[in-house]
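If you read the protein sequences in the order shown, they are chains A, B, C, D, E and F. For the first sequence, this note's numbering assigns the number 1 to the initial residue and increments by one for each residue that follows. For the second sequence, this note's numbering assigns the number 1001 to the initial residue and increments by one for each residue that follows. For the third sequence, this note's numbering assigns the number 2001 to the initial residue and increments by one for each residue that follows. For the fourth sequence, this note's numbering assigns the number 3001 to the initial residue and increments by one for each residue that follows. For the fifth sequence, this note's numbering assigns the number 4001 to the initial residue and increments by one for each residue that follows. For the sixth sequence, this note's numbering assigns the number 5001 to the initial residue and increments by one for each residue that follows. Using N, Cα and C, we set each Cβ at its ideal position, and we do this for glycine too.
Number of protein chains: 6
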Amino acid sequence: MHTDTDIDTDISPSSVWPLPVRGDAFERADADILRRMDAISAATACAKLNGMGVSRTAVQGPTALEVGSRVVGSALTLQFMPQREDVASGLGQEYVERNTALWAVLETVQPGDVLVVQAYGSQFTGCFGDMLVRYFKRRGGAGIVVDGRIRDAARVRELGVPIWCTGTTPHYASQTDLFPWAYDVPIAAGGVLCLPGDVVVADDDGAVIVPAGKALELVEDAEDHENWEDFSRLRLEEGARLSDYYPLSPNSRAEYERWRAEQNALQR
Amino acid sequence: MHTDTDIDTDISPSSVWPLPVRGDAFERADADILRRMDAISAATACAKLNGMGVSRTAVQGPTALEVGSRVVGSALTLQFMPQREDVASGLGQEYVERNTALWAVLETVQPGDVLVVQAYGSQFTGCFGDMLVRYFKRRGGAGIVVDGRIRDAARVRELGVPIWCTGTTPHYASQTDLFPWAYDVPIAAGGVLCLPGDVVVADDDGAVIVPAGKALELVEDAEDHENWEDFSRLRLEEGARLSDYYPLSPNSRAEYERWRAEQNALQR
Amino acid sequence: MHTDTDIDTDISPSSVWPLPVRGDAFERADADILRRMDAISAATACAKLNGMGVSRTAVQGPTALEVGSRVVGSALTLQFMPQREDVASGLGQEYVERNTALWAVLETVQPGDVLVVQAYGSQFTGCFGDMLVRYFKRRGGAGIVVDGRIRDAARVRELGVPIWCTGTTPHYASQTDLFPWAYDVPIAAGGVLCLPGDVVVADDDGAVIVPAGKALELVEDAEDHENWEDFSRLRLEEGARLSDYYPLSPNSRAEYERWRAEQNALQR
Amino acid sequence: MHTDTDIDTDISPSSVWPLPVRGDAFERADADILRRMDAISAATACAKLNGMGVSRTAVQGPTALEVGSRVVGSALTLQFMPQREDVASGLGQEYVERNTALWAVLETVQPGDVLVVQAYGSQFTGCFGDMLVRYFKRRGGAGIVVDGRIRDAARVRELGVPIWCTGTTPHYASQTDLFPWAYDVPIAAGGVLCLPGDVVVADDDGAVIVPAGKALELVEDAEDHENWEDFSRLRLEEGARLSDYYPLSPNSRAEYERWRAEQNALQR
Amino acid sequence: MHTDTDIDTDISPSSVWPLPVRGDAFERADADILRRMDAISAATACAKLNGMGVSRTAVQGPTALEVGSRVVGSALTLQFMPQREDVASGLGQEYVERNTALWAVLETVQPGDVLVVQAYGSQFTGCFGDMLVRYFKRRGGAGIVVDGRIRDAARVRELGVPIWCTGTTPHYASQTDLFPWAYDVPIAAGGVLCLPGDVVVADDDGAVIVPAGKALELVEDAEDHENWEDFSRLRLEEGARLSDYYPLSPNSRAEYERWRAEQNALQR
Amino acid sequence: MHTDTDIDTDISPSSVWPLPVRGDAFERADADILRRMDAISAATACAKLNGMGVSRTAVQGPTALEVGSRVVGSALTLQFMPQREDVASGLGQEYVERNTALWAVLETVQPGDVLVVQAYGSQFTGCFGDMLVRYFKRRGGAGIVVDGRIRDAARVRELGVPIWCTGTTPHYASQTDLFPWAYDVPIAAGGVLCLPGDVVVADDDGAVIVPAGKALELVEDAEDHENWEDFSRLRLEEGARLSDYYPLSPNSRAEYERWRAEQNALQR
């Protein structure tokens, strides 16, 4: 490897294809909806979306790097492609990487963004390390869902940015099989389509992509769901029979409505 | 999805096949044997059963949700089958589920039971969530071994019920590919046959199914094993050579017998 | 299984092939280099080796048993082979095992050694348990990287020896599919060649095998890298633009050189 | 292994659990529907069922042993379970096997039956060999779909019974990990539920399980489909544009209706 | 499913995202180079590209549907994305599909094109069936490399279009998990980057993507290689020692040059 | 890549480790036993060995390249190891390869040898191509069992050497991840231990490794087995009940003995 000083800092990542690719401008998810989504678990979001006819929303593969992780935010997307030395490769490591979609997307992070990354679940690609996550955090990034691995895990954990990934590896992002290709484009992450500006809800169960156009309906439906589950939980703790209170039957639904009315009256 | 109130709570899960299927009555594992099994690790149980000629006892796949988990109990079994919309599906979510083997088996839980679940290691099926585990705990359930995933992991962890599973997912039990089919029947969990009333020993190494008819012989053999291992551990700490004391040779066995006699004498 | 006393302690593991196989004497990694390697992460080692033309150094599969694990040491190697009852098997469990390469290699452990084990990622083989790790620790062993599983995980965790493995299992080392065959030989662990006396650097990102002949060059290159990353981290925290300081451009490299000179002056 | 003569031919496969398990009597698929199904490909059956709301019908894993295989028939089911030496094992090979569900189900084969087998895709289990397939053929069996492997492949190919399986192996049915457990019961084959008496349609695309209660509707829908595809094929060969004739648009549908009327007139 | 006549043939595949996506115009591979490439095997192309510094060119996964398949052509690309009901799904099967990238790309096929398809190796997606391959063939398409499955395999085989795929399935293209999204865009097929207009060389060894800009150099290098291998083959048949003639040593290279000169002289 | 002429033909494959490694001299399997083994299928060999207490003999992974393949021979072994550029790599392709264990072992082939290769099932390694198989055939090699892939499949098929492999690839033997390391050593192929001089029996069911020391006993046992199966086949064709004649009961065994005596009398 060349020493750190004899570098050509103007290396474009590719002469064969204009890189990085940037998709069209997009609208971030509505702040108010994101706030209301805060109380909703990934599991409830996923179940409700399924009931609303959208069945493929749970990102397969990535798991929370830290137990107890949780994030809600607007999706920012990044797409890797297979590396090919005549187009783009990581031979010069960061000296090429700095001109790629990976560096570029980080410059567009806005507070609350969740970066969602298509990396094909590669076990050889450490998409993010300490320095990049540090920079992501400084710009206000809220979380990262990567269908691939991360590196510098010990240091990354200290930064406290919630991350969902398929594991850790000592490899850097373009060391082996993949190369950062495009951002602000539709991506496939863990078998799920994610458009820029979709809502991401992720916790210990995994990450769920909520289509932007379905978010409001979901929030309204899910709030009711979370409420009656609180009531059911109470009754089960008191010794009630499961099928009477979970889910609510017409009878227990009526009972719940009365209970909630009382609760609301008390709180006023 | 229909709103929560327009439900038909009498939906039978299937008109094509009488569900849920319930197996014959069975005898739970002997309480005294369970108590003696408490001191025996999954590893020792598995090794001893292998020595006794039963070689396929370690459930492949499920791992402890929490480090340090441990349970011994009598097996209660539940079996999922692939979902098929003309027979049984989860389209109406809990409103159908409440009439399935999943709800049914929970009503039969007795204190100390370990629920063992055949779910084919499905990555799309969250067999248990917060409400079900909560109910299981309230009925005295001791632990769950599921060859599949769970959901609501954050809340489930708080409940403290030891669980072995193949991961977490936001999906509910019958959201995608499987449906709760039968209980109190022989099942295949992680490549191991489990009959109702077998003994389950699970810890950080994984779950072992001890055939009910082999449990007493195992306990007796394993108690001796755990005892001489204590002695070997002592000698190794004192600097002895591994192959002299692990496993015991005839010489060190004799030495151990004397040591144990002394220990017993001291304790009297 | 025979009872613990009717054993033939002189069972040779095999009459068909002279076991255990021991490779030629080898030189352990240089102590001074190991000391300097202490400050270098697995990720930096792996990236630098890649830059130096050695691309296959990160052991695929094994992960740290405990978050926060870290070790640097000289590689001691152990190789399993598939079990075959006419050559060598674990039917008599430890009474045969004690004459195998597994017991033998433990007798050769020197302080600081890292044991690297070829076990084909087997999910059925618990290569090490409490007693063996205990003995390994007593002899000063620094860590274990095993392309296979371990058993007695709860007790092993308490011992505090850093271990990288592919999981846990209740099976003992020769219970099922593999048998300890050779030591002090070149091995294939997680797709990486490891020669006796190579340097192992392992942390939360995984384990990296540093060829002995590349260790000095790596150390020198990596120390500079770790230094300028400290500087970059500082600048990024102050709000600098990522691509100006990570990696260093010619400009920021010059700035860094001045900064380091000042730091060094201050420390004197 | 004992010689062939010192056998106990009355060995029941298990003293722990009454084996083999036989499910309730069932009705075979209607002969007339089976005949009409003959013209329908697995692909058309699967697509139409999906359109009818049954989405999980294509058996994942098993492929045709011979290119050009094709079968339609009524499902006869067989279920393997994990082997456990205290319950049932293959140590005595065929001398135990002859009392199992595998031998038993073969005695119930009727002409035209397709045997569908749950064997968990095991790579270690050769569910059928030359002798069993030979017997199956003699009784008029039409085909076998096994989510597992077969043995004696060279001889089995000569018999000409169409078989879908996950591969070949030298192992016999109960040599290693599984044991024949039950027949005439609902099974899970390649992720698909199969009830006794369902219709099996299998060809080079794989095997599809058609629910008995959906077969008539499917046949009617599919016959029309196969007909208009013939017409589309004709038009495409003549140079028409794909989206004008595949699938039919309202215009080309009308054209097709006229064409078919003409064809029918000509045939009279 | 609706009957074939009550269809809305103007369904756009998506109101949420403008589909299908079409990439920029591209140049097809040079016809003369394609002609010269005809004599070069996939193995030689892959080895030579590796020697030229391009290491990731062999598409992993897809294999030849028919033994003896072989194609050389200019790449036409098609990309699937995960299905999401709010964006695009296959519920109405072909009535939606006809407006997708799958139908669209087929209208752009030119004689000699090889269609390369990104379908993530999905086992649930039959990207092409009889009708589509038929149409592809009619337009002069030379071959198909699909990192996914096909359906109607029996009929497709009869068409004689060489196809590399990961298997067969009864599912149609958008029946389950994927949806045709874009064409004329860079794609990732079996871990390899393919740009529109690259050269595809595929045979029984699999498919190799030759970067357009490397094709000429490759052809020249490979022609020499194929020539001297003919000579080596001759010598080995005559009984020569392998390492003297494969590969050529300086001595045998000189011998080969003389032999070739003679051959050329004879041919004039 | 350098042109074919500027090569250093004396490159030793490694300066770090003395390559190739060659194991000790070994005895080939007995010719008479090999001849008698000719009538025995892989399935019968595997079943009988299991009955004789050797349970792990069927090589997992490799399948016959051509349907109808069959070989019996004495095992010659070759072992690959992961490639590491400082030790040994394929950068210079055949110019290095010719000094490796791959070329070396081919020079030791004797008529009737079956080459068994440990290549970890790698999908990136084409262990053998046209030229090497051609040379192998010329030296009288009988077959190849490789736990990895081959290349030049079209030409290799024409050579007619029976080959069991895990697939095909355009990659050459040391192009990517592995390097030929040793020969005449014990190897692990598809989870099975193979010693030099063991007997290999391979057919459409796969390859079985028969321990040299067990071959005679196996032959004797298997010959009887093949004989009575002929008788059983006859009876089944005549309409007998499966469990009466497969396997033989004491009654049908007696009947068989008489039948065989008659047959023998007739043949004299």
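Residue environment for E2229/C: buried (at least 16 other C-beta atoms within 10 angstroms of its C-beta). DSSP, reduced to helix, strand and coil, places W1017/B outside both helices and strands of the structure shown, so it counts as coil. The Cβ neighbour count for T5108/F, taken over all protein chains shown within 10 Å, is under 16; the residue is labelled exposed. For G2143/C, the number of other beta carbons within 10 angstroms of its own is at least 16, and it is reported as buried.
The beta carbon of Y256/A is closer than 7 angstroms to those of W228, F231 and L248 in its chain, skipping five residues each way along the sequence. The residue from M5081/F, P5186/F, A5212/F and A5254/F with its alpha-carbon nearest to that of Y5120/F is M5081/F.
Taking the C-beta atoms as reference points, A1064/B is found no nearer than 8 angstroms to L1218/B.
By alpha-carbon distance to R4235/E, the top candidate from V4054/E, V4117/E, F4128/E and S4252/E is S4252/E. Taking each of L3019/D, A3031/D and V3067/D in turn and checking the Cα distance to L3216/D, the smallest one comes out for A3031/D. Interface criterion not met: the Cβ of Y1120/B is under 8 angstroms from no Cβ in chain A. Our two residues, R4036/E and V4201/E, have alpha carbons roughly 12 angstroms apart in a direct line.
Cβ neighbours of G2112/C within its own chain (closer than 6 angstroms, five residues either side excluded): G2073 and A2142. In chain order, P2170 make up the part of chain C whose C-beta sits under 9 angstroms from the C-beta of V1208/B. Fully contained in the segment 1079-1152 of chain B are the following beta strand (DSSP E) runs of length 3 or more, in chain order: 1113-1118, 1126-1128 and 1143-1146. Contacts between S4055/E and chain A, judged by CB atoms closer than 7 angstroms, involve E85 in chain order.
Following the DSSP letters along the chain, one finds G1051/B inside the alpha helix (DSSP H) bounded by residues A1042 to G1051. In the DSSP assignment, the residues bridged to V1201/B are V1072/B and V1208/B. Between Y3183/D and H4171/E, the alpha-carbon positions lie close to 29 angstroms from each other. For E1229/B, the nearest CB of chain C lies under 8 angstroms from its own CB, placing it at the interface with that chain. Neighbours of Q1175/B in chain A, taken as residues whose beta carbon is under 7 angstroms from its own, are A47 and N50 in chain order. Below 8 angstroms, too few C-beta pairs join the segment 1017-1034 of chain B and the segment 2138-2157 of chain C to call them touching: fewer than three.
Collapsing the DSSP output to three states places A5222/F in a helix. When the five nearest sequence neighbours on each side are left out, the beta carbons in the same chain lying within less than 6 angstroms of the beta carbon of V5087/F are those of S5014, V5016 and W5017, in order along the chain. For A3189/D, the enclosing beta strand (DSSP E) starts and ends at I3187 to A3189.
Between Q2118/C and I2209/C, the C-beta gap is not smaller than 8 angstroms, which leaves the two residues out of contact.
Put simply, of A5039/F, L5106/F, P5211/F and I5163/F the residue whose alpha carbon is nearest the alpha carbon of P5196/F is P5211/F. Shown here, F179/A sits in a strand according to DSSP, grouped into three states. The beta carbon of A1189/B is closer than 7 angstroms to those of V1059, V1116, V1117, Q1118, V1145 and D1147 in its chain, skipping five residues each way along the sequence. Just so you know, the alpha carbons of P5250/F and A5240/F end up roughly 16 angstroms apart.
The three-state secondary structure of R1235/B, taken from DSSP, is helix. In this structure, Y1135/B and L242/A form a Cβ contact; the two beta carbons are roughly 5 angstroms apart against a cut-off of 8 angstroms. Comparing alpha-carbon positions, the option among C4194/E, T4057/E, D4130/E and A4207/E lying closest to S3041/D turns out to be D4130/E. The three-state reading of DSSP puts R5241/F in coil, since its state is none of H, G, I, E or B. The beta carbon of G3197/D sits no closer than 8 angstroms to any beta carbon of chain E. The three-state reading of DSSP puts L193/A in strand, counting E and B together. Rounded to whole angstroms, the gap between the alpha carbons of R2139/C and T1077/B is 46 angstroms.
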